[in-house]
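Chemist:
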Amino acid sequence: IPLLTTVTTLLTTAITVLTTGIPRLTTGIPLLLTTTTTLLTTGIPRLPTTTTIPLLTLTLLTNNRIGDAGIPARLGRLPALRVLYLYANALEQLPAHLPPALRELHLQENNVRGLCRRALARAPLLERLHLDDNSVSAAGIEEDAFAENRRLRLLFLSRNHLSSVPAGLPPALEELRLDDNRIHTIPLRAFEGLPALRRLVLDGNLLANQRMADDTFSRLGNLSELSLGRNALAAPPANLPRARLRRLSLAANAISHVPAGALARMRALERLDLSDNNLTTLPRGLFDDLGSLSHLGLRNNPWFCGCNLAWLRDWLRRRAPPRLEVRGLLCQAPARLRGLPVGELRGEMDACESPGGAGGTGAGTSPGVSSAGVSSPAAPGGAAAASPGLWVQAAPGGALRVRWPPAPPGASLRLSWLRPGGGAVTETLVRGERGEYVVRALQPRAPYRVCLAALEPPAAPPLCAQARAGAGDPSQSGAAPPSHEGDATPALLPPAAALGAAAAAAAGVVLGVLGGCWRKRRRRRMGLGAPPLPPPKGGGGGGARLALRPLRAPDEGGIRTVFPPPPPPPPPP
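Quick note on numbering: the UniProt record's numbering labels position 63 of the sequence shown as 63, and the sequence is numbered without any gaps.
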């Protein structure tokens, strides 16, 4: 019997520890051929010693209470360890003694604050590094931290405290995820030296057009997927990569116009998402070069169905399903066409009553506004201005808050703004009953002429006022990207709408409290202890994290961060 037990143990390919609070891994029997150790949700505070497991290739030590002091130096003496799972623990820095043969390291849901070259240099063969949901800041990443990691192909830094793109990224990098950070500026050479990069995710940051260099993405010749959703872009970035780009997401920004050649020569593009923006029309021929396009997301935009959009209707008929799937192209104005799919309209779009150039090439004008200049002076002090029925006030983060008496339900208004001497008018359609709209992504402290006009006849002269935009930018104020319908003010709402808003707010408070309680219970159950500490001074960059947006439909084709499931343990011998 003892001999049989010994032989069985020698042939074991996995150890699974399911008890709670064990101080170390049992080493009474030599486990010479063991290749996997699993310690799932055991609550242990220290990493067990495993010096008698020379062939260990995979270790799962997730959902424990392991801190920096709980990882022994012996970990670096495991010559065959390839994959190490340490996510959902209490680590505040990278393990100092990484195994030399390590290929994949999972440190999600810890409190890691920085990346040092010395620790990463101990794993020169590392190919995949997962650091989602930590507290990594720009100041916490050492210069040339990845200098010894020439084979690193995948780097996940989603949901951290980064204010800029990390410098010195390894040239072999193929996938980089920086979503839900605080990145507000991208300099010219931020992505230089990354010829192999194929997927880049920058959703949920504080990016605006004026804070990105024109050639930011043009050097990424092999890029096939680019996601810039949930930022503060007013137009697609200039000089996007064209040769191999297959997926482009610009959803949930403040895009009000698309230049005519923005998508030229993107013949490989298969999926394009422009949902949740401020687009009213698109320039003729915008999609002419997109011969491979199979999915087009256009939902939640204030589309004006006039003659300027008739070309898109005709183009959609030529690219009928199953060649192309289009989502959300519904008319929002004029009122007689509201809610109708553009592809089903016939002669209704022949009337040329759309806002001049709105959302197209950006060269339109509004009644009462000239692109050459503005004659009326700014409000005293530059803070606010008012005219009968229109009130404009500076808002933090380079924005203007525009208010007007609520219009009857279903009415659409044309809101336009112009910076004197700053070029063309920008326009968008707003719902009149809301009574308020916030114009963002403006030049801080600059004067702007704002006009509001009704669309339906009889059309009265537009109401105009002038004021200066608020100081600072979104990165300094911590403001989230704009809500595309503006934030309604209870005082301006009808009584029924005010009651509904109050009820929704109360429900939100209750759900928030319940969600907080659930999260605390989950953290206690997982043994995570206290929540991550704030980043060190000067490291986090400007502003709090962005508010979450509603989830998109699963068929929108967005790029999502997925926690890789740990492999199942081998069957018992």
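C-beta: ideal position from N, C-alpha, C; glycine also.
What residue ranges within the UniProt domain "LRRCT" (301 to 353) form continuous alpha helix (DSSP H) runs of no fewer than 4 residues, ordered along the chain?
Modeler: Complete alpha helix (DSSP H) runs here, min 4: 310 to 318.
Chemist: Just mark Gln210 as buried or exposed, buried being the case when its beta carbon has 16 or more other beta carbons within 10 Å.
Modeler: Burial call: exposed.
Chemist: Using only CA atoms, which one of Arg284, Arg299, Arg317, Leu324 lies nearest to Ala306?
Modeler: Looking at the sequence provided, one finds Gly at residue 306 rather than Ala. For the residues Arg284, Arg299, Arg317, Leu324, the minimum Cα distance to Gly306 belongs to Arg284.
Chemist: For my contact list, Leu206 and Ala232 are in at a C-beta cut-off of 8 angstroms; report their separation, rounded to the angstrom.
Modeler: Correct: roughly 7 angstroms between the Cβ atoms.
Chemist: Below 8 angstroms on the Cβ atoms is my guess for Glu228 versus Ala260; work out the distance and round it to an integer in Å.
Modeler: It is Leu, not Glu, that sits at residue 228 in the sequence shown. Their Cβ separation, rounded to whole angstroms, is 20 angstroms, which puts Leu228 and Ala260 out of contact at 8 angstroms.
Chemist: For the candidate residues Thr185, Ala234, Ala268, Ala264, whose alpha-carbon lies nearest to that of His257?
Modeler: Comparing Cα-Cα distances from His257 to each of Thr185, Ala234, Ala268, Ala264, the minimum goes to Ala234.
Chemist: Going along the chain, which unbroken runs of the beta strand (DSSP E) with 3 or more residues stay wholly within the segment 384 to 413?
Modeler: Counting whole runs of 3 or more residues, the segment 384 to 413 contains the beta strand (DSSP E) stretches 384 to 387, 390 to 395, 399 to 403.
Chemist: Check for me: the beta strand (DSSP E) holding Leu155 runs from which residue to which?
Modeler: Run containing Leu155: 154 to 156, per the beta strand (DSSP E) assignment.
Chemist: Is Phe146 closer than 8 angstroms to Pro170 when the C-beta atoms are compared?
Modeler: Yes, the pair counts as a contact, with Cβ atoms nearer than the cut-off.
Chemist: Among all the DSSP beta bridges, which residues are the ones paired with Ala465?
Modeler: DSSP lists Val450 as partners of Ala465.
Chemist: Buried or exposed: which applies to Asp288, given that a residue is buried once 16 or more other Cβ atoms fall within 10 Å of its Cβ?
Modeler: Answer is exposed; the Cβ neighbour count stays below 16.
Chemist: Comparing C-alpha positions only, which one of Gln443, Val450, Pro447 sits nearest to Gly472?
Modeler: Measuring from the Cα of Gly472, the nearest candidate turns out to be Gln443.
Chemist: So the candidates are Leu226, Ala446, Val430; which of them puts its Cα closest to the Cα of Pro396?
Modeler: Minimum Cα distance to Pro396 is reached at Ala446.
Chemist: Within the continuous beta strand (DSSP E) that includes Arg271, where are the two ends?
Modeler: Its beta strand (DSSP E) spans residues 271 to 273.
Chemist: How about Leu226 and Ala196: do their beta carbons lie closer than 8 angstroms?
Modeler: Their beta carbons are not under 8 angstroms apart, which means Leu226 does not touch Ala196 by this criterion.
Chemist: Out of Arg74, Val402, Trp417, point me to the one whose CA is closest to Pro100's CA.
Modeler: Of the candidates Arg74, Val402, Trp417, the one whose C-alpha sits nearest the C-alpha of Pro100 is Arg74.
Chemist: If we ignore side chains and look at the alpha-carbon of each, how far apart do Gly470 and Arg419 end up?
Modeler: So the alpha carbons of these two residues sit roughly 14 angstroms apart.
Chemist: Less than 8 angstroms between the beta carbons of residue 588 and Leu296, yes or no?
Modeler: Residue coverage of the chain in this structure runs from 1 to 573, which leaves residue 588 outside it and unanswerable.
Chemist: If distances are taken between C-alpha atoms only, which option among Glu109, Arg118, Gly114 comes closest to His97?
Modeler: The shortest Cα separation from His97 among Glu109, Arg118, Gly114 belongs to Arg118.
Chemist: Going by beta carbon distance, what residues of the same chain come within less than 8 angstroms of Leu309, once the five residues before and after it are set aside?
Modeler: The residues are Thr281, Leu282, Trp303, Val342, Met349, Ser354.
Chemist: Can you say whether Arg336 is buried or exposed, counting buried as having 16 or more other CB atoms within 10 angstroms of its CB?
Modeler: The residue is exposed, with fewer than 16 neighbouring Cβ atoms inside 10 Å.
Chemist: Hey, Gly432 and Arg403 are a contact pair by Cβ (cut 8 angstroms); roughly how many whole angstroms apart?
Modeler: At roughly 12 angstroms, the Cβ-Cβ gap does not stay under 8 angstroms, so Gly432 and Arg403 are not in contact.
Chemist: Taking the alpha carbon of Arg151 as the point to measure from, which residue in Gly140, Leu120, Phe217 has its own alpha carbon closest?
Modeler: Of the listed residues, the one whose Cα sits closest to Arg151 is Leu120.
Chemist: So, is Gly347 buried or exposed, given that buried needs 16 or more other C-beta atoms within 10 angstroms?
Modeler: Exposed, because fewer than 16 other Cβ atoms sit within 10 Å of the Cβ of Gly347.
Chemist: With the cut-off set at 8 angstroms, would you say Phe217 and Asn239 are in Cβ contact?
Modeler: Contact: yes.
Chemist: What's the C-alpha gap between Ser412 and Ala453?
Modeler: The alpha-carbon atoms of Ser412 and Ala453 are separated by roughly 9 angstroms.
Chemist: Let me check understanding here. Comparing Cα to Cα, which of Arg82, Asn301, Asn111, Glu104 lies closest to Ala90?
Modeler: It is Asn111.
Chemist: Alpha carbon to alpha carbon, how far is Leu272 from Arg189?
Modeler: In a straight line, the C-alpha of Leu272 is about 26 angstroms away from that of Arg189.
Chemist: Below 6 angstroms CB to CB, which residues in the same chain sit around Arg247 once its five sequence neighbours on both sides are set aside?
Modeler: Contacts found: Glu225, Arg271.
Chemist: Tell me which residues share the same chain as Trp315 and place their Cβ nearer than 7 angstroms to its Cβ, disregarding the 5 neighbours each side in the sequence.
Modeler: Same-chain partners within the cutoff: Phe287.
Chemist: Select from Arg113, His130, Ala88, Asn134 the residue whose C-alpha is nearest the C-alpha of Leu176.
Modeler: Cα-wise, what sits closest to Leu176 is His130.
Chemist: Just how far apart, CA to CA, sit Gln108 and His161?
Modeler: Roughly 14 angstroms between the two C-alpha positions.
Chemist: Closest to Ile183 by CA distance: which of Arg199, Arg219, Arg198, Arg159 is it?
Modeler: Nearest C-alpha to Ile183: Arg159.
Chemist: Around the Cβ of Pro241, are there at least 16 other Cβ atoms within 10 angstroms (buried) or fewer (exposed)?
Modeler: With 16 or more other Cβ atoms within 10 Å, it is buried.
Chemist: I need the boundaries of the alpha helix (DSSP H) containing Arg117, first residue and last residue.
Modeler: Here the alpha helix (DSSP H) through Arg117 covers 117 to 121.
Chemist: Which of helix, strand or coil does DSSP assign to Arg177?
Modeler: Arg177 falls in the strand class under three-state DSSP.
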